[in-house]
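Peer 1: Reading the sequence shown from the start, the letters are residues 973 to 1901 in this note's numbering. This structure is in structure tokens; I'll ask about it shortly.
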Amino acid sequence: MTTAIQRAAGTPIERGTPVQRATGTAELPGTAAHDLEITPVTEPERSGGETRRVQDATAGRQAAVDDVAEAKRKVSDASRARAGAAADVWTWSGTAVEARKKETAARGRAEELEGEVGAAERGKRESLEKAQDFTGRANAATERQRGSAEAATRHGETEDRKGAAAREAREQAAGFTKEAEAAERKRKAAEDLVAVLSTTIADARRSQAEAEERVRRFTRQAEEAAAQLKTADEAARKAGAAEDKAQEQAAEAEVEAESEEQFAQSMRKRTVELAQALKGAKGAREEAQEKGEEAEGAGASRARAEEDQEEAARLRDEADQSARESADLAEKLDREARAATEAREAAEQAAAGHERDAKDAHGKAEKARAEAAGYAKTAGDKQAERDAALAQATEHGQEAAEARQRAAVAAQGQLGQGATEGTARTALAAVKETKKKAAEKAAEEKAAEEKAAEEKAAAKTDGSSRNVATRAADGAGHAVKKASAKTKPWVDVPDTVALRATAPPGGVYSAEASKHGDTGTVRGNVIQQNVENPINLISDATGTVNDIATIKEAAGKRHDSGPASHAHRKNWVGKPLGLATNSQMAANDVLKISNTGTKTAGDVAGVAALGDAGGALTISFSALVAARDTAVIKNTHAQRKELKEHFRGVAAKRDRKLQDVLNDLGTETTGLAQASSSLGNSADGPDPKAMEELEKRRARIESLRTEVLEHMASAREYVVHKKKWKLGHRFVNLTGNVARMAAGAVAIAAASGAVTGGIAPGVAGGATAAALGGLAVKKGVKKANKRYISVRQPDRYARTTLAQEGTEEPKETETAETSEASRMSKDGTSRRGRRRDAWKEAFMVSHPIKQGKRQLRAQEIYAVAAGPAVPVGKDVPDDIRREARDFLKALKCGPDHHNQKPEEWEASLNDPEQQKEWEEAIAKQLASL
């Protein structure tokens, strides 16, 4: 149970990465050094003649080496000078073009400003003329305003005078009207009085007539009564005076009555009637007299009233006449006043209009004068700008002339240095050929000497045993290294299958079977472990051997300098941790094999001490890997952030092969130099056609520069993408190792009896195995796909730049088999390998692919960063080369990581013989991302 837990939860995925196997499958250095060398082999003593020959040969070889070094130095100096001159041509031709454009623009601006100055002057004149015209109009309007104001004043005075007269006439008319009204009232009063008096007179006369009638009636009555009374009195005189008469009348009346009583009553009645008649007559007479008097008074009053009425009518008529005359006068005066008012208002309106016209004219005059001042200021400013533009044009012309002169000098220098470089390269090739022949001759001589030495050594028996032992030891050590390096990739496959597929469920089943006393299942799991554990041990042991060999090589080369030295220093720092991890895992495998052997012998429970030791080792190496993963995650995040800043703003594109772009760039750069070499010949300035051709070449070069940058941006995207996935893998591996530490602790507890169940440890181990197994499958499939593509589509990631001279792979002679194995694609653009060969290569885990996407990116990065002496980088512009070298520094390929000074680092990038070393170093660095 302990073994299943430890191997299910605690073993990495794939040897060779810190995530999967801590450091199991590091690449072995491809060197001929013997790690197990015991003693050096001494050469036999030479005779004097041989020594002189050896010294002469050595001196010859050294002379050849010196000649090659001198030739390389000349090529390097010439290439640097050519590259610097090309950069100067690019800079100064650009300056000349820009200065010419600025000069042309400045002169055009000066001409434009000159036209604007003329327009401003014309505007100034026109504005002043307008100001004078508007001022004359304003003065005329002011005069008209003054005349209108005076007329308004006169009409106002007339208005006031006529108005006052009209008011006076209206007041008189009102007075006359009041008098007429008063006279009319008097007339009406008199008329009323006359009517009243007439009525009174009529009433009085009627009353008088009535009274007179009554008087006459009463008189008649009285006369009748008197006659009667006289008769009676005459009758009664006899008896007395009046009484006697009355009595006589009464008697007479009574006589006339039928009886005496009746006569008496009649007499009394007649008496009364007489008295009443007399009284009535008296009253009637008085009334008639009064009425007569009243009528007479009323008649007099009426006469006076009629006179008053006539006087009032006369006064009324006169007052009405005066009122009408006053009203007519007032109306006339009103009309005149209204006319004067209208005239005044018209004059005032005219004056206001003239005032507005005057103000408007004054305003327009002021505006025109302001415009004139503005035009004057504009003319002054534009004149100043024109002068400044002409000065700038002159300055830019001088700058352009100087830039053309410098561009011409730089172009001539570029062309001259190019010729010098070509000559130096030819000389270098000749020297290399001489050196090669000398080396071949020296090799032949050395082989002959070695053969002679071996023959002499064979005659001696005292040192033969020692040499044989030394060579045997060297051969054995080399064989062990080679066998371990070859075995490791193959054994990792079954090791991963065992750890991720069979061990986790086997451990769970064994734990459950032990819990329930199922010894048959436990023994079956023991048999499974007997198969798995040796595989694990072989994988961990070969990883340990590889780490030892790598550390030993790194110990001897960690102080070296150059592109390849960084890997040795990196191995010297990192491989000891991998060695500690692999050795602990191997020790854990030994413990598991021992514990499984105990179970096989019959003790299915195993040895608790072995279980404890295995759990402790699991915790130990898992903690080491987890600590390293934590640091790597932090550094990777920071490096990814830094890498994203390079070539920012450039689209990642690869439309053409980089070498084609660089070749076109070199051609155009040379063409630019040729076009620029004659710029300084003419004192009157360059030919416009020459400048136009220069601009066209610069435009083409700019487009090619952009293409180079796009290739570098594509490399940046590749690197950033790899960093992203590395962060994910490291995080998963960190989680898995933490879980593996927990599983180791559970294993210790289970071995000591603290826990009895198998589910919890099985779940922990299964989770870890699933996570790390997923990474193993992903990486395995990815690598198999790369190997498949390398055969099926060999041109997909084929080199797009020039290889180092002398390292090109020889082209195979086409045979029927190779023709069948590599055919063209349907579109005729690339070769295609046979599918069965591709599948065969996909499962060949013993060697890496020679040319893949990573190698292609490394080659392109180096091509842009290489110095001008390297054929592949000779046409790269200096500024882009500097950006690419900054990118190299971000990839940890800078001088600090190569143990070099900056100038030594740059010299190594400018050395054609270090191209392959540089490309391999960059590819290794990309592999470690």
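Beta carbons are placed, not taken as given, at the ideal position from N, Cα and C, and that holds for glycine.
Need the endpoints of the alpha helix (DSSP H) that Gly1805 sits in, please.
Peer 2: Gly1805 -> not in any alpha helix (DSSP H); beta strand (DSSP E) instead, spanning 1803-1805.
Peer 1: Thinking C-beta only, is Glu1131 closer than 7 Å to Ala1324?
Peer 2: Not closer than 7 Å, so no.
Peer 1: Measuring alpha carbon to alpha carbon, tell me which residue in Arg1712, Leu1699, His1531, Arg1612 is nearest Val1597.
Peer 2: Comparing Cα-Cα distances from Val1597 to each of Arg1712, Leu1699, His1531, Arg1612, the minimum goes to Arg1712.
Peer 1: Going by other Cβ atoms of all chains shown within 10 Å of its Cβ, with 16 needed for buried, is Val1842 buried or exposed?
Peer 2: buried
Peer 1: Among the residues of its own chain, which have a CB less than 6 Å from the CB of Met1557, if the five just before and after it don't count?
Peer 2: Asp1512, Phe1593
Peer 1: Below 8 Å on the Cβ atoms is my contact criterion, and I expect Pro1766 with Arg1803 to pass it. Report the Cβ-Cβ distance as a whole number of Å.
Peer 2: Taking the Cβ atoms as the reference, Pro1766 lies roughly 5 Å from Arg1803, within the contact range of under 8 Å.
Peer 1: In this structure, does DSSP put Asp1519 in helix, strand or coil?
Peer 2: helix
Peer 1: Near Ala1647, what residues of its chain come up, given a Cβ to Cβ distance below 7 Å and the 5 sequence neighbours on each side ignored?
Peer 2: Ala1662, Glu1665, Leu1666, Arg1669
Peer 1: Does the Cβ of His1693 have 16 or more other Cβ atoms within 10 Å, making it buried, or fewer, making it exposed?
Peer 2: exposed
Peer 1: In chain order, what residues of the same chain lie with their CB nearer than 7 Å to the CB of Pro1884, ignoring the 5 residues before and after it?
Peer 2: Gln1776, Glu1777, Ala1841, Val1842, Pro1843
Peer 1: Could you spell out the range, first to last residue, of the alpha helix (DSSP H) harbouring Leu1634?
Peer 2: 1630-1648
Peer 1: Return the first residue and the last residue of the alpha helix (DSSP H) that Val1848 is part of.
Peer 2: Element bounds for Val1848: n/a, residue is neither H nor E.
Peer 1: Within this structure, are the beta carbons of Lys1846 and Ala1539 separated by less than 7 Å?
Peer 2: No, the Cβ-Cβ distance between Lys1846 and Ala1539 is not below 7 Å.
Peer 1: Whole angstroms are fine: how far does the CA of Ser1675 sit from the CA of Tyr1834?
Peer 2: Here the alpha carbon of Tyr1834 sits roughly 21 Å from the alpha carbon of Ser1675.
Peer 1: Among Asp1561, Glu1075, Arg1620, His1334, which one has its Cα closest to the Cα of Ala1365?
Peer 2: It is Glu1075 whose Cα lies nearest to the Cα of Ala1365.
Peer 1: Given a cut-off of 7 Å, decide if Ala1071 and Ala1380 are closer than it, judged by their beta-carbon atoms.
Peer 2: The beta carbons of Ala1380 and Ala1071 sit no closer together than 7 Å.
Peer 1: Since Glu1885 is in the alpha helix (DSSP H), which residue starts that stretch and which ends it?
Peer 2: Careful: Glu1885 lies outside any alpha helix (DSSP H) and carries neither H nor E.
Peer 1: Whose C-beta lies closer than 6 Å to the C-beta of Ala1645 among residues of the same chain, with five residues either side of it excluded?
Peer 2: Val1061, Ala1383, Gln1386, Leu1387
Peer 1: Tyr1690 by DSSP, collapsed to three states: which one?
Peer 2: helix
Peer 1: Please report the residue range of the alpha helix (DSSP H) in which Gln1831 lies.
Peer 2: 1825-1837
Peer 1: Using a Cβ-Cβ cutoff of less than 7 Å, which residues in the same chain neighbour Ser1566 once the five nearest sequence positions on both sides are dropped?
Peer 2: Leu1582
Peer 1: Would you check if the region 1598-1611 and the region 1688-1702 touch, i.e. whether three or more CB-CB distances between them fall below 8 Å?
Peer 2: yes
Peer 1: Assuming Ala1340 and Ser1099 form a contact by the criterion Cβ under 8 Å, report the distance between their Cβ atoms to the nearest whole angstrom.
Peer 2: That belief holds up - the Cβ atoms of Ala1340 and Ser1099 are roughly 5 Å apart, short of 8 Å.
Peer 1: Grab me the residues of Arg1759's own chain with a C-beta within less than 6 Å of its C-beta, minus the 5 sequence neighbours each way, in chain order.
Peer 2: Correct list, in chain order: Glu1813, Ala1814, Ile1821.
Peer 1: Alpha carbon to alpha carbon, how far is Lys1354 from Leu1085? Give it in angstroms, no decimals.
Peer 2: 6 Å
Peer 1: Roughly how many angstroms separate the alpha carbons of Ala1082 and Ser1120, rounded to a whole number?
Peer 2: One Cα belongs to Ala1082, the other to Ser1120, and the distance between them is close to 55 Å.
Peer 1: Straight-line CA distance for Thr1191 to Thr1171?
Peer 2: 28 Å
Peer 1: Please determine, among Asn1543, His1870, Gly1147, Val1089, the residue with the shortest C-alpha to C-alpha distance to Glu1290.
Peer 2: Gly1147
Peer 1: Relative to the C-alpha of Lys1145, which candidate in Ala1302, Gln1823, Lys1873 has its C-alpha closest?
Peer 2: Inspection of the sequence shows that residue 1145 is occupied by Ala rather than by Lys. Nearest of Ala1302, Gln1823, Lys1873 to Ala1145, Cα basis: Ala1302.
Peer 1: Pop quiz: Ala1361 and Ala1068 are said to be a contact at Cβ under 8 Å. What is the actual Cβ separation, rounded to whole angstroms?
Peer 2: No, Ala1361 and Ala1068 are not in contact; Cβ-Cβ is about 20 Å, not under 8 Å.
Peer 1: Pick out whichever of Ala1402, Asp1809, Lys1864, Asp1464 has its Cα sitting closest to the Cα of Ala1041.
Peer 2: Ala1402
Peer 1: Determine the contact status of Ala1295 and Ala1152, defining contact as a CB-CB distance below 7 Å.
Peer 2: yes
Peer 1: Taking the alpha-carbon positions, what's the Leu1706 to Gly1866 distance?
Peer 2: In a straight line, the C-alpha of Leu1706 is about 29 Å away from that of Gly1866.
Peer 1: Whose C-alpha, out of Lys1046, Leu1774, Lys1331, is nearest the C-alpha of Ala1113?
Peer 2: Lys1331
Peer 1: Starting from the N-terminal side, write out each stretch of the alpha helix (DSSP H) that is 4 residues or longer and does not extend beyond the region 1595-1629.
Peer 2: none
Peer 1: Specify the secondary structure class of Phe1593 as computed by DSSP and reduced to three states.
Peer 2: Three-state DSSP puts Phe1593 in a helix.
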